[in-house]
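**Student:**
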Amino acid sequence: MENEIEVPWSEHTVIEESELLENLSDAGEWREDKIKTSSFIVSPSYGTLDYDGFVNFLRNKFMFFALSEEDIQESERPHLEAQQLSDYRDDAKMDGKWGELILFTMVEGFLDIPMMSHKLGWKQNPTDQVKGSDGLFFGEYEGSPTLGIGEAKMYTDLGDGIEEALDSTDRFHGEDSQLRNQHELTVAMGNPSDNLSKEKIELLSSLFTGESQDYQMLHPIFVGYEDEEIEEFQTNPVEDDQELVDQLQAHIEDTDLLSKVTDSLEDDYSHLRKHWLTFFFLPLEDKDRFVENVKAAIYPWTTNH
1 MENEIEVPWS EHTVIEESEL LENLSDAGEW REDKIKTSSF IVSPSYGTLD
51 YDGFVNFLRN KFMFFALSEE DIQESERPHL EAQQLSDYRD DAKMDGKWGE
101 LILFTMVEGF LDIPMMSHKL GWKQNPTDQV KGSDGLFFGE YEGSPTLGIG
151 EAKMYTDLGD GIEEALDSTD RFHGEDSQLR NQHELTVAMG NPSDNLSKEK
201 IELLSSLFTG ESQDYQMLHP IFVGYEDEEI EEFQTNPVED DQELVDQLQA
251 HIEDTDLLSK VTDSLEDDYS HLRKHWLTFF FLPLEDKDRF VENVKAAIYP
301 WTTNH
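Residue numbers 1 to 305, in my numbering, belong to the letters of the sequence shown in order.
1. Would you call Y46 buried or exposed, if buried means 16 or more other Cβ atoms sit within 10 Å of its Cβ?
2. Where does D26 fall in DSSP's three states?
3. For M115, which residues does DSSP report across the bridge?
4. Hey, quick one: how far does the beta strand (DSSP E) through Y225 stretch, first residue to last?
5. Could you work out which residue in S38, D227, N60, E164 is closest to G96 when comparing CA atoms only?
6. Is E151 helix, strand or coil by DSSP?
7. Following the continuous beta strand (DSSP E) through P283, name the residue where it begins and the one where it ends.
8. Who are the near neighbours of L204 in its chain, counting only those whose CB is closer than 8 Å to its CB and skipping five residues on each side?
9. Any idea if P300 is buried or exposed, counting beta-carbon neighbours within 10 angstroms, 16 or more meaning buried?
10. For S133, I'd like the list of residues in its chain whose CB is within less than 6 Å of its CB, leaving aside the five on either flank, ordered along the chain.
11. Can you round the beta-carbon distance between L166 and L265 to whole angstroms, since I take them to be within the 8 Å contact cut?
12. Less than 9 Å between the beta carbons of F40 and S25, yes or no?
13. Taking 8 Å as the threshold, find out whether the stretch 268-287 comes into contact with the stretch 214-224 through three or more Cβ pairs.
14. Just tell me which of F65, K34, P8, H271 has its CA closest to the CA of G174.
15. Please work out which residues of its chain come closer than 8 Å, Cβ to Cβ, to G99, disregarding the five sequence neighbours upstream and downstream, and give them in chain order.
16. Given this structure, state the Cα-to-Cα distance separating T127 from E6, to the nearest angstrom.
17. Whole angstroms are fine: how far does the CA of D194 sit from the CA of L147?
18. I'd like to know whether the C-beta atoms of I230 and L258 end up nearer to each other than 9 Å.
19. For S177, which of helix, strand or coil comes out of DSSP?
20. Could you tell me how far apart the beta carbons of D214 and P145 are, in whole angstroms, since I believe they sit closer than 8 Å?
21. Out of P8, V294, E285, which one is the CA nearest neighbour of T48?
22. For the alpha helix (DSSP H) containing V107, name the first residue and the last one.
23. Go ahead and pull the three-state DSSP assignment for T37.
24. Since I believe E69 is in contact with V107 (beta carbons under 8 Å), could you give me their beta-carbon distance rounded to a whole number of angstroms?
25. Do you know offhand how far T169's Cα is from I162's?
26. Could you give the residue range of the alpha helix (DSSP H) that holds P8?
27. If distances are taken between C-alpha atoms only, which option among L207, D241, F279, I201 comes closest to H12?
28. For the alpha helix (DSSP H) containing L53, name the first residue and the last one.
29. Under 7 Å Cβ to Cβ from L103, same chain only, skipping five residues before and after it: list those, please.
30. Using the Cα positions of F172 and N181, report the straight-line distance between them to the nearest angstrom.
31. For F279, tell me which candidate among F290, D268, T262, L244 has the shortest Cα-Cα distance.
32. Residue range of the alpha helix (DSSP H) that H251 falls in?
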């Protein structure tokens, strides 16, 4: 039997890249030094973007966001249990967990880095409530052991989303950040995901209590934003869905996402460039409608419509 400590971190993820790519289409990737920006679009079906398919995917993965695979297998109604762990908010626009859910699927699915702890469960213990990251992950990135401290933002304006994501990320490197980061990691290791093996959990506890930092830091950042021009592309007939994907890829290429990130970094956050920054972008026709539909799918008994 393979030594558990030698099992790749990727073996502890629960989201498959192939599942994600059934619902999202790659719209390009651009790099500069330690910065990577990737964009995706909701995959089309017969010439229009299939938002219903992506929303249904997120609904099905919500339980994995809230619970471990073991908890899901042992529960008679895992989706209901996941609902009960989450704090319901009537206004989906003000609920950050939908962006956090998408971030979780992308880090696990695209980066193959498992989530360390299910933060929705922390709310059950008032002493464990931490206003910290939007997701903690640990695995291998660019060949080295890596702590991923994630942020997720969904804004109408792309520039505002990038700026707010960087501002939130900067909290982990500013004044009192060491104490704040250690507190969040301590709470996480007090509530580790059962998706990790006992040996991996012990390794993380050792890493986070050591005097030196024997891992690098990565900030995976999800930014959802509105792009009204996406609708116009769908009004024209296409030979097949790939033609629409190609058109949207060219449109997003013109948006120059990498430059928007680097320009924002140069303004106030140039010190963040020494850490790995991986951005996932998702343009949406109507951000508010999208998050309302996600909420309605996960809490089907209530909707604002």
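Glycine included, each C-beta is placed from N, C-alpha and C at the ideal position. Note that the structure is a prediction, hence the values are computed from the model and not measured.
**Tutor:** Taking the geometry as given:
1. It is exposed - the Cβ of Y46 has fewer than 16 other Cβ atoms within 10 Å.
2. Assigned with DSSP and collapsed to three states, D26 falls in strand.
3. Listed as beta-bridge partners of M115 by DSSP are F137.
4. Where Y225 is concerned, the enclosing beta strand (DSSP E) stretches over 216-226.
5. Ranking the options by Cα distance to G96, first place goes to E164.
6. If DSSP states are grouped into helix, strand and coil, E151 belongs with the strands.
7. Run containing P283: 276-284, per the beta strand (DSSP E) assignment.
8. Taken in chain order, the residues that qualify are M116, F138, M189, P192, L196.
9. Exposed.
10. Hits under 6 Å: I149, G150.
11. Contact between L166 and L265 is confirmed by a C-beta separation of about 7 Å, below the 8 Å threshold.
12. Yes. Within cutoff.
13. Segments in contact, yes.
14. If we check each option's Cα against that of G174, H271 comes out closest.
15. So the qualifying residues of the chain are D134, A152, K153, M154, F222, G224.
16. For T127, the predicted model reports a pLDDT of 43, less than 50, meaning its position is unreliable; a value from the coordinates is still stated below. Straight-line Cα distance between these residues: approximately 34 Å.
17. Straight-line spacing of the CA atoms in L147 and D194 works out to 18 Å.
18. No; because the gap between Cβ atoms is not below 9 Å, this pair is not in contact.
19. Helix at S177.
20. D214 to P145, Cβ: 7 Å. Contact.
21. It is E285.
22. Annotation: the continuous alpha helix (DSSP H) that includes V107 extends over 97-110.
23. It is a strand residue.
24. Not a contact, Cβ separation roughly 17 Å.
25. Rounded to the nearest whole angstrom, the C-alpha separation of T169 and I162 is 10 Å.
26. DSSP places P8 in no alpha helix (DSSP H); its state is neither H nor E.
27. From the listed residues L207, D241, F279, I201, the smallest Cα separation to H12 is found for I201.
28. Reading the sequence as shown, one finds Gly at residue 53 and not Leu. Bounds of the alpha helix (DSSP H) holding G53 are 51-66.
29. Around L103: D134, G135, G150, A152, P220, F222.
30. Between F172 and N181, the C-alpha separation is close to 7 Å.
31. Here the closest residue by C-alpha is T262.
32. Element bounds for H251: 241-255.
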